[in-house]
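**Q** For the protein sequence lines, the chains are A and B, in the order given.
According to full-length UniProt numbering, the residues represented by the first sequence are 1 to 122, in order.
According to full-length UniProt numbering, the residues represented by the second sequence are 1 to 238, in order.
Note that beta-carbon positions come from the ideal geometry of N, C-alpha and C, so glycine has one too.
Pasting in a structure now, in structure tokens, and then I'll have a few things to ask.
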Amino acid sequence: MKLLVSLLLCLCIPLAWATEANAPKLDIGKGGQCVRDPQWMRKNHMHLLIHQRDEAVRKGIRDEQISLKNCVECHASLKDDSVIAREDSFCAGCHRYEAVKIDCFECHASKRRVALAKKDEK
Amino acid sequence: MSDLDTQRRQFLKTSLGAAAVAIAPGMLLFDTAHGKTEAASSKVRWGMLIDTAQCKTGCNDCVTACNKENGLSGGTLPTDSQWMRKIDIKDISSGHETSLPMMCQHCEEPPCVDVCPTGASFKRADGIVLVDKHRCIGCRYCMMACPYKARSFVHEPLHDQNPDVPRGKGTVESCTMCVHRIDKGQQPACAQACPNKAILFGNLNDANSEIAQKLRSVASVQIRADMQLNPGIRYQGL
């Protein structure tokens, strides 16, 4: 019995390491938690965003807290102010890892407002 | 009443007051941070009254402001997005010239909404006609249906859009009456930029609003009123 348990443990530990090692290391920008905990957000952010987008566009109910704009403001990289510019950018990093195409930023700004304002001045 | 009771009462009063003072700004900040949470109401109908007598030939300030606010290139090729154009018209017999801005007229019965096969083209409760680009498939039926040629199609990929005004290739777009500004309680960019205050923006449904009062007192027209679309944009002196 003991042997079996130790064998299982030996199998499990490298497995856990492996998943940890494979998970994308993200540049979370300023980071912080304003909506829900990270694990919940990883699973459910798309539902919040799709709900918010319909409410905002069609009814004019603008819940700033769960708006894409608000996500970008905090989670854009502090180096390049973007959520999709690099392999480890906040949105692009995970979406590449999960092989889910992300359309949002074909229309929406992927940079935080200050970066865009700076560019306008130039 | 004992002295202890009075003291206790006093203490409770001050602590309640202190709590209210501490919480109130937080609640206010919470409200501002969370944006506008009530929906656009059908009690409101946003519109504009454009006084062509005040609109100067050669002045392009409204168009420039529109382009800047919405991140348009400012190009005037058939493939460039133009949400607002300045138009100069001349009465041939008298030689009288008029200049006016032309954009989406935000019809009450919008033909663009009628023809849209996906429901992307829609009218918001407060009368603003918009394109829901999440649903737009870029078929451009609405562009053909619009009698005012107010809509544009985005032909090329775009970058670094204004965070408040998402725009992208493959979708149709037009004047939004600066809906993102209206929802913040501001005026549309063109109305604010006009040096002669030729563009009056307001709520057509509110009898006490400046625009409703002016509409009552001066003669104004709807462009192509014969089609009975009841546009929200009215022109004075045309």
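#1: For residue 134 of chain B, which residues in the same chain have their Cβ closer than 6 Å to its Cβ, ignoring the five residues on either side in sequence?
#2: If you measure from the beta carbon of residue 48 of chain A to each beta carbon in chain B, is any gap under 7 Å?
#3: Compare the Cα-Cα distances from residue 115 of chain A to each of A/102, A/72, A/57 and A/62 and report the closest residue.
#4: With 7 Å set as the bound, which would you pick, yes or no: does the beta-carbon of residue 149 of chain B sit closer than that to a beta-carbon of chain A?
#5: Got a sec? Which residues, its chain only, sit under 7 Å from residue 227 of chain B by beta carbon, not counting five neighbours each side?
#6: Identify the contact partners of residue 107 of chain A in chain B, using a Cβ-Cβ distance below 8 Å as the criterion.
#7: Would residue 25 of chain A count as contacting chain B if we go by Cβ distances under 7 Å?
#8: Taking C-beta pairs closer than 7 Å, name the residues in chain A that residue 37 of chain B reaches, listed in chain order.
#9: Could one say the Cβ of residue 116 of chain A lies closer than 7 Å to chain B's Cβ atoms, at least one of them?
#10: Assign residue 46 of chain A to buried or exposed, taking buried as 16 or more other Cβ atoms, counted over all protein chains shown, within 10 Å of its Cβ.
#11: Below 9 Å between beta carbons is the criterion; list the residues of the stretch 111-127 of chain B that meet it against any residue of chain A, in chain order.
#12: Does residue 191 of chain B have its Cβ less than 7 Å from a Cβ in chain A?
#13: Counting only Cβ pairs nearer than 7 Å, list the residues of chain B close to residue 53 of chain A.
#14: Tell me which same chain residues have a C-beta within less than 6 Å of the C-beta of residue 67 of chain B, skipping the five on either side of it?
#15: Does residue 57 of chain A come within less than 7 Å of chain D when only Cβ atoms are used?
**A** So, from the listed chains and residues:
#1: none
#2: Taking Cβ atoms only, chain B never reaches closer than 7 Å to residue 48 of chain A, which makes this a no.
#3: For residue 115 of chain A, the closest alpha carbon among the candidates A/102, A/72, A/57 and A/62 is that of A/72.
#4: no
#5: 147
#6: Listed by position along chain B, the residues whose Cβ is nearer than 8 Å to that of residue 107 of chain A are 133, 158, 161, 166, 167, 168 and 171.
#7: Taking Cβ atoms only, chain B never reaches closer than 7 Å to residue 25 of chain A, which makes this a no.
#8: Those are 61 and 63, listed as they occur along chain A.
#9: yes
#10: With fewer than 16 other Cβ atoms within 10 Å, it is exposed.
#11: 122, 124, 125 and 126
#12: Interface residue (Cβ-Cβ distance to chain A less than 7 Å): residue 191 of chain B is not classified as such.
#13: 134
#14: 74
#15: No chain D appears in this structure, whose protein chains are A and B.
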